[in-house]
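In what follows, a single structure is set out as structure tokens and then discussed.
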Amino acid sequence: MQNEKKVPIWAKIPNWVWVLISVACAGALWFFANSAWPAVFASPIEVWDAAVTRAVSGTLWEHTWASLSRVLTGFGIAFVTSIPVAFLMAWYDPFRHIVEPWIQFIRNIPPLAYVFLIIAALGIGNVSKITVIFIAAFLVQVVTIYQGVKGVDTTLIKAARVLGAKESDIFFKVIIPASTPFILVAARLGLSTSLTTLMASEIVGGDRGLGMMIQQASGYYQMDVVLLGIIMLGIIGIAFEKIVRFLERRFTGWQETVQQ
Amino acid sequence: MAGNSAAVKVKIDHVVKKFQTRKGEMTALNGVDLDIHENEFITVVGPSGCGKSTLLNIIGGLEKPTDGQVLVDGKPVEGPSPERGIVFQQYALFPWLTVIKNVMFGLKLQGKSKEEAEEIAHKYLKMVELEDFANHYPKELSGGMKQRVAIARAYATNPQVLLMDEPFGALDAQTRTQLQQELIETWEKERKTCFFITHDVEEAIILGNRCVIMSARPGRVKDIIDIDIPYPRDQATKMSPRFLELKNEIWSQVYQEYLSVRK
């Protein structure tokens, strides 16, 4: 930036070329891993073949959709409910005093630990899987949004009051917009937690889902399918990330410290 | 100048403010009495922690006095109101609103139509010479520009009294001088009653009709100095013998208070 003369050569390479280079390097590493441990790392070609067969037969999409719909439902319910709960905690102290210890306690328990409790209560079907995802995503999001609401600059609230804002104006015109960056951070964390928890929820049974697909395949030592499942989860994760990034640029571009 | 003949706009009537701290009760203001006259520009100086900001918040209605009261046009202050605009040191612009929407914020709350609010906002953005930045976000502005937006926003709701809490304290010397000059010119035009806190003695003299010196905590009015320097004032005024005399006088008083804090 300050030294205009010495621009390194790689500074001129556009971003999309870097992505290609990065992917190519990953591919090379993958081929290397395949040649070193063929029994563990199926080659990219094998995985591609596995993907094509399953895509054509449709089972890949069935598994993917089963997982995706679980994640989105669990996350969606958690997102919608965590916002009012977080605001209630920030505004109403007795509620916070009672609820916050619960949240802090449960939040640190790995979901896998209480999966069995939930299955015992709700059965092995979709409902229990979504519930596990919901709990994990809800806790992460409540904590994040609550901290955001608590952190709203009090000078802004004062400034609004002086300009004639009533309590409801302060809520809708100051607190809510000031908290949107945190709500979006919460969404990002919530989505990645949902994806992590999905694995815990699918580990215990059922017949559809990427977690199940991976587990069944590993039972038959079909490492190409295992890798395919892992890659699908990675793609879903990246897609979530991109969507939230887009929303952040769209809704919180006004922030002083926006990542470019 | 604005003289004692003008009507009393703000009457600060034996205001006491005590805070509960872990170490017990702390008295921030210990019986402050002050009459601010219509159209007067009052500046307030005093050592840190003397309760200047607390006093401003009480006039603004953001804090309640423990004892005593503040009357504006004879009516006691009950809470914050657009009648008493505040400019904060930290600008306090809403970062999610564009410059013009920030200025329109209070106008919309007053129930003005979008068109009317826009018109008024443009007028005041013109006053602070930021019309070209109407659709920018605060993050795109420098500190000085942000504070000019905040000043425009405070003016836009047409308050009876303008309260400013070290508004230029966070700015560099050059920007600060420029904004002082703009504020003098604006005041000469609009003659709004102003209550301006600063820790900069020069600033207090160049801007004010009267300068209130506050004692160290617990804060009281230690002295009030008439700034008998005629308008128009500009930066050259800072070289005039009378200015230097006043600066010396006020500074030595503030310094005494500062020393008493250190002890």
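Chains as they are written, first to last, in the working numbering: chain W, 7 to 266; chain F, 975 to 1237.
We put the CB at the ideal spot given by N, CA and C, even for glycine.
Residue i versus residue j: straight-line alpha-carbon distance, rounded
| i | j | result |
| --- | --- | --- |
| residue 266 of chain W | residue 191 of chain W | Note that residue 266 of chain W scores 41 on pLDDT, short of 50, meaning its location in the model is unreliable; the coordinates nonetheless yield the value given after this. One C-alpha to the other measures close to 15 Å. |
| residue 1189 of chain F | residue 1154 of chain F | 25 Å |
| residue 164 of chain W | residue 1079 of chain F | 13 Å |
| residue 80 of chain W | residue 120 of chain W | 16 Å |
| residue 39 of chain W | residue 48 of chain W | 9 Å |
| residue 1135 of chain F | residue 1052 of chain F | 15 Å |
| residue 1180 of chain F | residue 1193 of chain F | 24 Å |
| residue 1081 of chain F | residue 1060 of chain F | 15 Å |
| residue 1076 of chain F | residue 1219 of chain F | 41 Å |
| residue 184 of chain W | residue 113 of chain W | 25 Å |
| residue 1152 of chain F | residue 1217 of chain F | 18 Å |
| residue 175 of chain W | residue 1175 of chain F | 38 Å |
| residue 1214 of chain F | residue 1142 of chain F | 23 Å |
| residue 1095 of chain F | residue 1130 of chain F | 6 Å |
| residue 1235 of chain F | residue 1191 of chain F | 8 Å |
| residue 1050 of chain F | residue 982 of chain F | 13 Å |
| residue 102 of chain W | residue 1138 of chain F | 36 Å |
| residue 988 of chain F | residue 1042 of chain F | 5 Å |
| residue 16 of chain W | residue 27 of chain W | 12 Å |
| residue 151 of chain W | residue 227 of chain W | 43 Å |
| residue 222 of chain W | residue 214 of chain W | 10 Å |
| residue 247 of chain W | residue 194 of chain W | 7 Å |
| residue 196 of chain W | residue 995 of chain F | 39 Å |
| residue 138 of chain W | residue 106 of chain W | 19 Å |
Span of the beta strand (DSSP E), counted from its first residue to its last, around residue i
| i | result |
| --- | --- |
| residue 1185 of chain F | 1184-1188 |
| residue 1038 of chain F | No beta strand (DSSP E) contains residue 1038 of chain F, which DSSP labels as neither H nor E. |
| residue 1210 of chain F | No beta strand (DSSP E) contains residue 1210 of chain F, which DSSP labels as neither H nor E. |
| residue 1007 of chain F | 998-1011 |
| residue 1125 of chain F | It is not in any beta strand (DSSP E) - residue 1125 of chain F instead sits in the alpha helix (DSSP H) that spans 1117-1130. |
| residue 1015 of chain F | 1015-1019 |
Residue i - containing alpha helix (DSSP H), residue span
| i | result |
| --- | --- |
| residue 994 of chain F | Counting along the chain, residue 994 of chain F falls outside any alpha helix (DSSP H), though it belongs to the beta strand (DSSP E) covering 982-995. |
| residue 1238 of chain F | Since the first and last residues shown for chain F are 975 and 1237, residue 1238 of chain F lies out of range. |
| residue 1059 of chain F | No alpha helix (DSSP H) contains residue 1059 of chain F, which is instead part of the beta strand (DSSP E) from 1058-1061. |
| residue 1071 of chain F | Segment: none, residue 1071 of chain F is in no alpha helix (DSSP H) and carries neither H nor E. |
| residue 1024 of chain F | Neither: residue 1024 of chain F is in no alpha helix (DSSP H) and is coded neither H nor E. |
| residue 1137 of chain F | Per DSSP, residue 1137 of chain F belongs to no alpha helix (DSSP H); it is in the beta strand (DSSP E), 1135-1139. |
| residue 25 of chain W | 21-42 |
Nonlocal neighbours in the same chain, by C-beta distance under 6 Å from residue i, ignoring five residues either side
| i | result |
| --- | --- |
| residue 975 of chain F | Confidence at residue 975 of chain F is low in this model, with a pLDDT of 45, below 50, so the placement of that residue should be treated as unreliable; the coordinate-derived value is given next. Excluding positions up to five away in sequence, the list reads 1183. |
| residue 1073 of chain F | 1107, 1108, 1110 and 1123 |
| residue 264 of chain W | Unreliable positioning characterises residue 264 of chain W in this predicted model, as indicated by a pLDDT of 45, which lies under 50. A coordinate reading is not provided. |
| residue 212 of chain W | 218 |
| residue 1018 of chain F | 1026, 1171 and 1186 |
| residue 991 of chain F | 1002, 1003, 1028, 1039 and 1040 |
| residue 1045 of chain F | 985 |
| residue 179 of chain W | none |
| residue 1145 of chain F | 1117 and 1118 |
| residue 53 of chain W | 230, 233 and 234 |
| residue 171 of chain W | none |
Cβ separation of residue i and residue j, assumed to be a contact under 8 Å, to the nearest whole Å
| i | j | result |
| --- | --- | --- |
| residue 1066 of chain F | residue 1124 of chain F | 6 Å |
| residue 980 of chain F | residue 1013 of chain F | 6 Å |
| residue 74 of chain W | residue 109 of chain W | Incorrect: roughly 27 Å between the Cβ atoms, too far for contact. |
| residue 148 of chain W | residue 92 of chain W | 5 Å |
| residue 1099 of chain F | residue 1090 of chain F | With a Cβ gap of about 15 Å, residue 1099 of chain F and residue 1090 of chain F do not count as contacting. |
| residue 1054 of chain F | residue 1083 of chain F | Not really, about 12 Å apart at Cβ, beyond 8 Å. |
| residue 83 of chain W | residue 37 of chain W | About 42 Å separates the two Cβ atoms, so there is no contact after all. |
| residue 161 of chain W | residue 1062 of chain F | 6 Å |
| residue 1199 of chain F | residue 1224 of chain F | 6 Å |
| residue 33 of chain W | residue 50 of chain W | 6 Å |
Residues near residue i by beta carbon distance below 8 Å, same chain, minus five either side
| i | result |
| --- | --- |
| residue 1069 of chain F | 1111, 1112 and 1113 |
| residue 1227 of chain F | 1187, 1196 and 1197 |
| residue 210 of chain W | 121, 122, 125 and 130 |
| residue 187 of chain W | 154, 254, 258 and 261 |
| residue 67 of chain W | 61 |
| residue 87 of chain W | 144 |
| residue 224 of chain W | 232 |
Chain C contact for residue i (CB, 7 Å cutoff)
| i | result |
| --- | --- |
| residue 1206 of chain F | Protein chains W and F are contained in the structure displayed, whereas chain C is not. |
Close-in-space but distant-in-sequence residues of the same chain around residue i (CB under 7 Å, 5 per side omitted)
| i | result |
| --- | --- |
| residue 181 of chain W | 155 and 158 |
| residue 216 of chain W | 69, 70, 73, 235, 238 and 239 |
| residue 243 of chain W | 198 and 201 |
Select from the region 1113-1126 of chain F all residues with a C-beta closer than 7 Å to any C-beta belonging to chain W, and list them in chain order.
1113
At a Cβ cut of 7 Å, what residues of the region 154-173 of chain W count as close to chain F, listed as they run along the chain?
161, 162, 164, 165, 167, 168, 169, 170 and 171
Using Cβ-Cβ distances below 7 Å, what residues of the region 238-263 of chain W are close to chain F?
In summary, the residues of the region 238-263 of chain W whose CB is separated from some CB of chain F by less than 7 Å are 260, 261 and 262, in the order they occur in the chain.
Can you list, in chain order, the residues of the region 87-109 of chain W whose Cβ is nearer than 7 Å to any Cβ on chain F?
none
Of all the residues that make up the region 1209-1231 of chain F, which are near chain W by a beta-carbon distance shorter than 8 Å?
none
May I ask you to list, following chain order, the residues of the region 35-50 of chain W that have a beta carbon less than 7 Å from some beta carbon of chain F?
none
The region 1125-1154 of chain F: which residues have C-beta closer than 7 Å to a C-beta of chain W, in chain order?
1131
Quick one: which residues of the region 1084-1103 of chain F get their C-beta closer than 7 Å to a C-beta of chain W? List them in chain order.
1084
Give, in chain order, every residue of the region 1055-1066 of chain F whose Cβ lies closer than 8 Å to some Cβ of chain W.
If you check each beta-carbon in the region 1055-1066 of chain F against every beta-carbon of chain W, the ones closer than 8 Å belong to 1055, 1056, 1058, 1059, 1060, 1062, 1064 and 1066.
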